[in-house]
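Order-wise, the sequence lines are chains A and B.
Letter by letter, the first sequence follows residues 1 to 372 in UniProt numbering.
Letter by letter, the second sequence follows residues 1 to 372 in UniProt numbering.
We treat Cβ as the ideally placed atom computed from N, Cα and C, and that holds for glycine.
This report refers to the structure that appears directly beneath it.
Protein chains: 2
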Amino acid sequence: MTIGSFYPPQRTLMGPGPSDIYPQVLQALSRPTVGHLDPLFIGMMDELKQLLQYAFQTQNPFTIAVSAPGSAGMEACFVNLVEPGEKVIVCRNGVFGDRMRENVERCGGEAVMVENAWGEPVDPQLVAQALEANPDAKIVAFVHAETSTGALSDAEAIAKLARQHDCLTIVDAVTSLGGVPLLVDEWQLDAVYSGSQKCLSCVPGLSPLTFSERAVAKIQQRQSKVQSWFLDQSLVLGYWSGEGKRSYHHTAPVNSLYALHEALVLLKNEGLESAWQRHRDAHRELRDGLEKLGIEFVVDEAYRLPQLNAVYIPEGVDDTQVRQTLLERYNLEIGAGLGALAGKAWRIGLMGYAARSENVALCLKALESTLK
Amino acid sequence: MTIGSFYPPQRTLMGPGPSDIYPQVLQALSRPTVGHLDPLFIGMMDELKQLLQYAFQTQNPFTIAVSAPGSAGMEACFVNLVEPGEKVIVCRNGVFGDRMRENVERCGGEAVMVENAWGEPVDPQLVAQALEANPDAKIVAFVHAETSTGALSDAEAIAKLARQHDCLTIVDAVTSLGGVPLLVDEWQLDAVYSGSQKCLSCVPGLSPLTFSERAVAKIQQRQSKVQSWFLDQSLVLGYWSGEGKRSYHHTAPVNSLYALHEALVLLKNEGLESAWQRHRDAHRELRDGLEKLGIEFVVDEAYRLPQLNAVYIPEGVDDTQVRQTLLERYNLEIGAGLGALAGKAWRIGLMGYAARSENVALCLKALESTLK
Numbered sequence: 001m002t003i004g005s006f007y008p009p010q011r012t013l014m015g016p017g018p019s020d021i022y023p024q025v026l027q028a029l030s031r032p033t034v035g036h037l038d039p040l041f042i043g044m045m046d047e048l049k050q051l052l053q054y055a056f057q058t059q060n061p062f063t064i065a066v067s068a069p070g071s072a073g074m075e076a077c078f079v080n081l082v083e084p085g086e087k088v089i090v091c092r093n094g095v096f097g098d099r100m101r102e103n104v105e106r107c108g109g110e111a112v113m114v115e116n117a118w119g120e121p122v123d124p125q126l127v128a129q130a131l132e133a134n135p136d137a138k139i140v141a142f143v144h145a146e147t148s149t150g151a152l153s154d155a156e157a158i159a160k161l162a163r164q165h166d167c168l169t170i171v172d173a174v175t176s177l178g179g180v181p182l183l184v185d186e187w188q189l190d191a192v193y194s195g196s197q198k199c200l201s202c203v204p205g206l207s208p209l210t211f212s213e214r215a216v217a218k219i220q221q222r223q224s225k226v227q228s229w230f231l232d233q234s235l236v237l238g239y240w241s242g243e244g245k246r247s248y249h250h251t252a253p254v255n256s257l258y259a260l261h262e263a264l265v266l267l268k269n270e271g272l273e274s275a276w277q278r279h280r281d282a283h284r285e286l287r288d289g290l291e292k293l294g295i296e297f298v299v300d301e302a303y304r305l306p307q308l309n310a311v312y313i314p315e316g317v318d319d320t321q322v323r324q325t326l327l328e329r330y331n332l333e334i335g336a337g338l339g340a341l342a343g344k345a346w347r348i349g350l351m352g353y354a355a356r357s358e359n360v361a362l363c364l365k366a367l368e369s370t371l372k
Numbered sequence: 001m002t003i004g005s006f007y008p009p010q011r012t013l014m015g016p017g018p019s020d021i022y023p024q025v026l027q028a029l030s031r032p033t034v035g036h037l038d039p040l041f042i043g044m045m046d047e048l049k050q051l052l053q054y055a056f057q058t059q060n061p062f063t064i065a066v067s068a069p070g071s072a073g074m075e076a077c078f079v080n081l082v083e084p085g086e087k088v089i090v091c092r093n094g095v096f097g098d099r100m101r102e103n104v105e106r107c108g109g110e111a112v113m114v115e116n117a118w119g120e121p122v123d124p125q126l127v128a129q130a131l132e133a134n135p136d137a138k139i140v141a142f143v144h145a146e147t148s149t150g151a152l153s154d155a156e157a158i159a160k161l162a163r164q165h166d167c168l169t170i171v172d173a174v175t176s177l178g179g180v181p182l183l184v185d186e187w188q189l190d191a192v193y194s195g196s197q198k199c200l201s202c203v204p205g206l207s208p209l210t211f212s213e214r215a216v217a218k219i220q221q222r223q224s225k226v227q228s229w230f231l232d233q234s235l236v237l238g239y240w241s242g243e244g245k246r247s248y249h250h251t252a253p254v255n256s257l258y259a260l261h262e263a264l265v266l267l268k269n270e271g272l273e274s275a276w277q278r279h280r281d282a283h284r285e286l287r288d289g290l291e292k293l294g295i296e297f298v299v300d301e302a303y304r305l306p307q308l309n310a311v312y313i314p315e316g317v318d319d320t321q322v323r324q325t326l327l328e329r330y331n332l333e334i335g336a337g338l339g340a341l342a343g344k345a346w347r348i349g350l351m352g353y354a355a356r357s358e359n360v361a362l363c364l365k366a367l368e369s370t371l372k
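Printed below as a string of structure tokens:
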């Protein structure tokens with residue numbers, strides 16, 4: 001059997017991620033590879049750190065990109081911050097809260113679940129009750145923007161409750177970073193991870209991560225070694241540190257980091273507030289058009305993510321066939337439902353570079369024609 | 001502070017990796033991103049699996065690329081195959097054997113060390129003794145090609161001993177894959193991981209991995225959950241399986257996988273034996289030239305890796321200054337010594353696309369001029 005080069009088609013990516021990639025990011029990606037200890041590359045990593053601090057709105061010195069996808073960023077938070085036997089309050093309102101529970105348990109921690117319906121945000125009242133009932137809890141973990149449902153939770157309120165009970169917070173900002181306000185310092189969040197392939201419109205494979213001084217202090221006071229060598233952030237810190245000699249930890253994914261640098265330069269040039277506004281504008285255009293088609297949203301408008309629109313599949317419509325037609329005829333990808341919403345909903349992403357009127361227009365017209 | 005786009009220089013990469021990247025691989029890298037569940041992408045992953053089977057010379061159905069660098073590939077082997085309390089014989093003849101020990105201990109296993117001098121291969125006699133002294137050992141772990149010293153160990157002989165004592169093998173083939181013979185099936189190796197950025201001349205960030213049926217059986221018989229969610233290969237298997245519905249695990253690093261596919265197509269077209277020969281030829285050219293300059297090798301010719309040449313820094317020469325001149329004047333990167341060889345040796349890589357006469361000529365002339 002002969003296998004030749006792979007030439008992918010040009011798709012319009014309006015699923016839950018990867019999102020449409022900025023052309024400039026793809027250009028940056030294919031620039032010449034340099035050594036991961038090259039002084040010029042180390043300079044780029046220092047810039048990348050500053051750009052990530054801007055995106056996260058934080059001054060945290062520990063702000064890096066994990067050399068692996070968002071799920072590894074999630075795991076980096078749990079393996080570093082949870083010690084065996086520790087109690088963690090985990091809020092679940094979709095798929096990713098459940099993955100957090102898995103993480104806690106695999107670290108030997110005890111997960112106390114706060115349950116919310118799919119499509120609802122995390123209820124701070126329930127978090128408060130869990131904190132009162134579990135005075136020995138050390139951490140509160142929750143998803144800021146649930147990619148499986150499109151619901152936005154009040155990260156500021158949950159973090160405030162956690163602090164009142166002397167708990168750290170682990171926050172999944174995979175889908176929120178760059179798409180909706182995420183103010184790590186103002187809200188005093190402790191460990192926040194994201195993904196490169198959502199509202200940053202970079203290629204998938206990297207996980208931006210920031211730890212507060214409180215989080216770093218907890219890591220430094222650990223009684224046991226972090227169970228993962230690859231994700232042990234006390235080792236990684238020496239690698240990202242701009243000061244003095246860079247210690248070798250692993251070989252950085254050089255070209256992917258070029259791409260993330262470029263995506264963040266684009267974000268910085270646009271400005272966070274303009275990016276948030278662009279996501280809101282695109283969402284409104286999409287919403288108005290979908291409502292005209294009689295399509296209903298899963299999440300109430302009050303806490304709906306502009307960048308991830310979960311909508312119910314109209315009665316009598318064949319889920320798979322519609323998505324296949326969109327893909328094959330229009331080169332347009334929208335997302336299937338996940339978990340409890342599998343087969344019941346579509347997820348239409350307007351993330352990063354995808355949040356543009358031309359994408360909304362294509363999506364609305366293609367859906368209208370396909371649903372006829 | 002204003003940060004603009006990053007434009008790296010065109011370096012010639014002759015360190016321990018990343019190696020010079022094939023231009024075709026950089027082109028493939030920047031092709032349009034498609035969704036990670038796109039049927040065309042799934043088709044590409046199936047091809048990638050076959051290409052990896054060729055590179056590893058195996059029929060193992062479990063042959064994939066971990067979505068993270070080689071150190072994560074190493075960890076994937078240990079967290080899946082080692083259960084708490086299990087004894088693992090770890091051969092150490094450089095930096096990476098030591099990292100294996102770290103991995104065993106972080107999995108709750110007990111590492112029995114087989115010590116060999118830096119620059120020497122693993123001595124099968126010592127492995128045999130360790131196996132006899134530890135009849136309860138379950139696994140033998142060793143590095144096929146030590147990147148820190150450039151020594152090649154006899155993987156076939158060590159694996160045979162392991163089998164005689166009913167042990168599985170975990171083999172670090174980060175630097176060997178594509179550069180020297182590595183016959184996974186013929187040698188009956190059980191868990192073998194590599195890196196994309198060495199002799200495959202792909203961008204860094206992925207770790208090719210293959211598990212034998214025996215390794216898969218051990219994973220299936222585990223008493224405890226794998227401590228890493230991200231690296232739990234029983235979950236990842238559903239993701240890479242070509243049969244039926246692909247289950248979502250994490251978002252694949254789509255563009256990096258395009259690049260790996262292309263690098264493997266190039267390897268397949270060249271043919272493994274030709275690639276091995278090209279590495280040997282380039283090594284001989286480099287060796288003859290270095291010997292004329294009076295530079296000595298760390299590793300004896302009998303088990304010297306053609307693709308990774310560790311040489312002693314000549315008496316009275318300033319390590320850092322020479323490497324800096326090579327980089328700044330010639331855009332040429334060679335590697336520093338690591339661990340016990342830091343400050344004492346250089347590591348000159350002839351990996352993948354770097355194993356060419358023009359690279360050897362540049363390196364020899366630039367060294368000659370700089371050392372004058």
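Taking the straight line between their C-alpha atoms, what separation do you get for G244/A and V236/A?
At G244/A the pLDDT is 49, less than 50, meaning the model places this residue with poor confidence and gives no usable figure here.
Ordered along the chain, which non-local residues of its own chain (more than five positions away) have a Cβ less than 6 angstroms from that of Y330/B?
By the criterion of a C-beta distance shorter than 6 angstroms, Y330/B is surrounded in its chain by A366, once the five residues flanking it on both sides are discounted.
Got a sec: is the Cβ-Cβ distance from M44/A to anything in chain B below 9 angstroms?
yes
Starting from T12/A and walking both ways along the beta strand (DSSP E), at which residues does that stretch end?
T12 to M14
Does D123/B pass the burial test, meaning 16 or more other C-beta atoms within 10 Å, or should it be called exposed?
buried
Note down, in chain order, every chain B residue with its Cβ under 7 angstroms from the Cβ of I21/A.
T33
Proximal residues of chain B, C-beta to C-beta of T210/A below 9 angstroms
Going along chain B, no residue has its Cβ under 9 angstroms from T210/A, so there is no contact; the nearest lies around 18 angstroms.
For the pair the segment 187-195 of chain B and the segment 68-86 of chain B, tell me if three or more CB-CB distances fall below 8 angstroms.
yes
Quick one, which of S67/B, V127/B and L272/B has its alpha-carbon nearest F142/B's?
V127/B
Work out the CA separation of L152/A and I21/B for me, nearest whole Å.
42 angstroms
Mapping the DSSP letters down to three states, classify M351/A as helix, strand or coil.
coil
What are the complete beta strand (DSSP E) segments, minimum 3 residues, inside the segment 125-182 of chain B?
137-143 and 168-172
Taking only beta-carbon atoms, is A215/A less than 9 angstroms away from chain E?
Checking the listed chains, one finds no chain E in this structure; the protein chains it contains are A and B.
At which residues does the beta strand (DSSP E) containing G335/A begin and terminate?
Start and end: L332 to A336.
Excluding the 5 residues flanking A137/A on each side, which residues of the same chain have their C-beta closer than 6 angstroms to its C-beta?
The residues are K87, I89 and C167.
How is the beta strand (DSSP E) around I42/A delimited, first residue to last?
Run containing I42/A: none in the beta strand (DSSP E); it sits in the alpha helix (DSSP H), P39 to F56.
Does the beta carbon of L40/A come closer than 9 angstroms to any beta carbon on chain B?
yes
For a contact meaning CB atoms closer than 8 angstroms, what does H36/A contact in chain B?
Proximity of chain B to H36/A at the Cβ level (cut-off 8 angstroms) is accounted for by P18 and P204, in chain order.
Buried or exposed, going by whether 16 or more other CB atoms sit within 10 Å of the CB of L267/B?
buried
Cβ-based neighbour list, P9/B, same chain, cut-off 7 angstroms, excluding 5 preceding and 5 following
N331
Compare the beta carbon distance of P16/A and R11/B with 9 angstroms and say whether it is the shorter of the two.
no
Contact check, A355/B vs A310/B, beta carbons under 9 angstroms
no
Less than 9 angstroms separating the beta-carbons of A76/A and L206/A?
no
Between the Cα of L29/A and those of G43/A, P253/A and H165/A, spot the shortest distance and give me the residue it belongs to.
Cα-wise, what sits closest to L29/A is P253/A.
Please classify Y353/B as buried or exposed, where buried requires at least 16 other C-beta atoms within 10 Å of its C-beta.
Looking at its Cβ environment, which holds 16 or more other Cβ atoms inside 10 Å, Y353/B is buried.
Alpha-carbon spacing of G178/B relative to C199/B, whole angstroms
5 angstroms
What residue range is occupied by the uninterrupted alpha helix (DSSP H) comprising S369/A?
S357 to L371
Three-state class that DSSP yields for V207/B in the structure shown:
Per the sequence shown, residue 207/B should be read as Ser rather than Val. Under the three-state reduction of DSSP output, S207/B falls in the strand class.
Mind checking if E75/A is an interface residue toward chain B, Cβ cutoff 9 angstroms exclusive?
For E75/A, the answer is yes, since a Cβ of chain B falls inside 9 angstroms of its Cβ.
For a test of the three-state rule: what should DSSP assign to Y258/B, helix, strand or coil?
Correct three-state label for Y258/B: helix.
Out of A55/B, H36/B and F6/B, point me to the one whose CA is closest to A336/A's CA.
H36/B
Applying a beta-carbon distance threshold of less than 7 angstroms, which residues of chain A neighbour N93/B?
What N93/B touches in chain A: nothing, since even the nearest Cβ is about 18 angstroms away.
At a CB-CB cut-off below 8 angstroms, which residues of chain B make contact with E102/A?
Residues of chain B with a Cβ closer than 8 angstroms to the Cβ of E102/A are, in chain order, W229.
Along chain B, in chain order, which residues have C-beta atoms closer than 7 angstroms to that of Y51/A?
Note that residue 51/A is Leu in the sequence shown, not Tyr. Neighbours of L51/A on chain B, chain order: I3.
Would Y330/A pass as an interface residue toward chain B - the criterion being a Cβ-Cβ separation below 9 angstroms?
no
To the nearest angstrom, how far is the alpha carbon of S369/A from that of W346/A?
Distance between S369/A and W346/A, taken at the CA atoms: about 17 angstroms.
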